[in-house]
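Visitor: Pasting in a structure now, in structure tokens, and then I'll have a few things to ask.
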Amino acid sequence: MRSMTRSVRLIVNPAAGGGKAKAHAAAIVPLLENSGLDVSVVVPASAAETAATARDAVADGIEVICPVGGDGTVNLTLGALRGSESALAIIPTGTGDDNARTLGHDCGDADLADMIAAGPLATVDLGMAAGAGWERAWLSVLCAGFDSAVNDRANNLEWPRGQAKYVRAMLETLAKFRPINYGVVINDDERREFAGMLMAIGNGPTYGGGMQVCAGADARDGQLTITVLHELTKTRFLRVFPKVYSGAHIGHPAVEQFEARSLDVSGAAVAFADGERLGELPVRVWVEPDALRVVSPAIA
17 MRSMTRSVRL IVNPAAGGGK AKAHAAAIVP LLENSGLDVS VVVPASAAET
67 AATARDAVAD GIEVICPVGG DGTVNLTLGA LRGSESALAI IPTGTGDDNA
117 RTLGHDCGDA DLADMIAAGP LATVDLGMAA GAGWERAWLS VLCAGFDSAV
167 NDRANNLEWP RGQAKYVRAM LETLAKFRPI NYGVVINDDE RREFAGMLMA
217 IGNGPTYGGG MQVCAGADAR DGQLTITVLH ELTKTRFLRV FPKVYSGAHI
267 GHPAVEQFEA RSLDVSGAAV AFADGERLGE LPVRVWVEPD ALRVVSPAIA
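Next up, the structure:
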């Protein structure tokens, strides 16, 4: 489907970045056009429209689809992009932007425009998750535990903005949090039960704006990297959890990390992926190798 002029469609979330996404799109469009790209822009009015717009772009044979927004906006395009010939390039304008970080799209607009224009196409793995009546593709991290409860809380806070919002949500969540009794089946074979504070399943290494919760995860290895923080007192938890920003939590006696191709998870928790609420456990999670085409020198 490659043409002489690479076709690009921007899918703009007008609410992303505190309403700055439309201005960001307007600023980068001339850079893309100056790079010789055939650019079109769509501004969907809802999450459902965003997903539909991505499907339309794939059906139209658009070569590069560019969500302009945060991780949630990216996530809404993944169902359409999964297994298609269209490639993903992210124009990050959100709070966390972990998907952009994973793919090396967290750079300046001029460099990003050059990458979209001439960058090589590669493939990466996609995470998949299914629960009662739903199925969803995701790219960075799926979490179910304290971290997903924090995400749920943060999504309902209007103040403060940015990373400070997650700090407030963490403290408020911890006040009422109790360890979760997890049941897991690893690769349809190994069964385990344990009490834990969180379980993060990584196709990429980060969530929450660069927190290295699944440090070492590689979106090209056909595996998911699972990080479990086992039961701790709240005092010890407060000592361990901040280390997730650097990845220094790996190696702590209460932290376990392993790899799997699939995982069935049950427990009294809600699953989030790419910062988006998926649904309550139980959930089946698996990896689809090479299911997503991307524009990324960092991956090629």
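One rule links them: number in the working numbering = place in the sequence shown (from 1) + 16. Glycine included, C-beta positions come from ideal geometry on N, C-alpha and C. Quick caveat: nothing in here was measured; it's all calculated off a predicted structure.
Helix, strand or coil: how does DSSP classify R71 here?
Guide: As a working note, residue 71 is residue 55 in the sequence shown. Here R71 sits in helix by DSSP.
Visitor: Can you tell me whether P60 is helix, strand or coil according to DSSP?
Guide: Here the question's residue 60 lines up with position 44 in the sequence shown. Per DSSP, reduced to three states, the secondary structure at P60 is coil, with no helix or strand assignment.
Visitor: DSSP on A235, reduced to helix/strand/coil?
Guide: On the sequence shown, position 219 is the one that residue 235 refers to. DSSP places A235 in coil when its eight states are reduced to three.
Visitor: Look at the alpha carbon of L104 and the alpha carbon of I27, and state the distance between them as a whole number of angstroms.
Guide: On the sequence shown, residue 104 is found 88 positions in, with the first residue counted as 1. On the sequence shown, residue 27 is found 11 positions in, with the first residue counted as 1. C-alpha of L104 to C-alpha of I27: approximately 11 Å in a straight line.
Visitor: May I have the straight-line CA-CA distance separating G135 from G225, to the nearest angstrom?
Guide: Working through the sequence shown from its first residue, we reach residue 135 at position 119. Working through the sequence shown from its first residue, we reach residue 225 at position 209. Computed Cα separation, rounded: 25 Å.
Visitor: So within the segment 155–221, which uninterrupted alpha helix (DSSP H) runs reach at least 4 residues, ignoring any that extend past its ends?
Guide: Counting only runs of 4 or more, we get 162–170, 179–190.
Visitor: How far does the alpha helix (DSSP H) with T93 in it reach, from first residue to last?
Guide: What you label residue 93 is simply residue 77 of the sequence shown in a count that begins at 1. That run of the alpha helix (DSSP H) goes 87–97.
Visitor: Measuring only the C-alpha atoms, how far is S19 from E79?
Guide: The residue labelled residue 19 in the question sits at position 3 within the sequence shown. The residue labelled residue 79 in the question sits at position 63 within the sequence shown. Any reading at S19 needs caution, since the residue's pLDDT is 46, under 50, leaving its predicted position unreliable; the model's value is listed next. Taking the straight line from one Cα to the other gives about 9 Å.
Visitor: Pull up the DSSP beta-bridge partners for D54, would you.
Guide: For the purposes of this step, residue 54 is taken as the residue at position 38 of the sequence shown. S23.
Visitor: Assuming D280 and V201 form a contact by the criterion Cβ under 8 Å, report the distance between their Cβ atoms to the nearest whole angstrom.
Guide: The residue you call residue 280 lines up with position 264 of the sequence shown. The residue you call residue 201 lines up with position 185 of the sequence shown. Contact holds; Cβ gap of about 4 Å.
Visitor: Would you grab the beta carbon distance between L48 and V58 for me? Rounded to a whole angstrom, and I think it's under 8 Å.
Guide: In the sequence shown, residue 48 corresponds to position 32, counting from 1. In the sequence shown, residue 58 corresponds to position 42, counting from 1. The pair is not a contact, with the Cβ atoms about 14 Å apart (cut-off 8 Å).
Visitor: How many angstroms separate the CA atom of A61 from the CA atom of P30?
Guide: Counting from one through the sequence shown, the residue named residue 61 turns up at place 45. Counting from one through the sequence shown, the residue named residue 30 turns up at place 14. Distance between the alpha carbons of A61 and P30 is about 8 Å.
Visitor: Between I266 and the rest of its own chain, which residues show a CB-CB distance below 7 Å, the 5 nearest in sequence each way excluded?
Guide: Position 250 of the sequence shown, counted from the first residue, corresponds to residue 266. Excluding sequence neighbours, I266 sits near A231, Q273.
Visitor: Could you check how far apart the C-beta atoms of Y223 and V271 are, in whole angstroms? I think they sit under 8 Å.
Guide: Along the sequence shown, one-based indexing puts residue 223 at 207. Along the sequence shown, one-based indexing puts residue 271 at 255. The beta-carbon separation of Y223 and V271, rounded to 16 Å, does not stay under the 8 Å limit for a contact.
Visitor: Taking 7 Å as the limit between beta carbons, can you name the residues of its chain near S164, skipping five residues before and five after?
Guide: Along the sequence shown, one-based indexing puts residue 164 at 148. Cβ neighbours of S164 within its own chain (closer than 7 Å, five residues either side excluded): A285, V286, A287, F288.
Visitor: Using CA coordinates, which residue listed in R207, A233, F210 is at the minimum distance from I217?
Guide: Along the sequence shown, one-based indexing puts residue 217 at 201. Selected option, being the one with the closest Cα: A233.
Visitor: Terminal residues of the continuous alpha helix (DSSP H) containing M131?
Guide: Position 115 of the sequence shown, counted from the start, is the residue given in the question as residue 131. 125–134 is the span of the alpha helix (DSSP H), which, as asked, contains M131.
Visitor: So does the segment 75–94 actually touch the segment 143–156, counting three or more Cβ pairs closer than 8 Å?
Guide: yes
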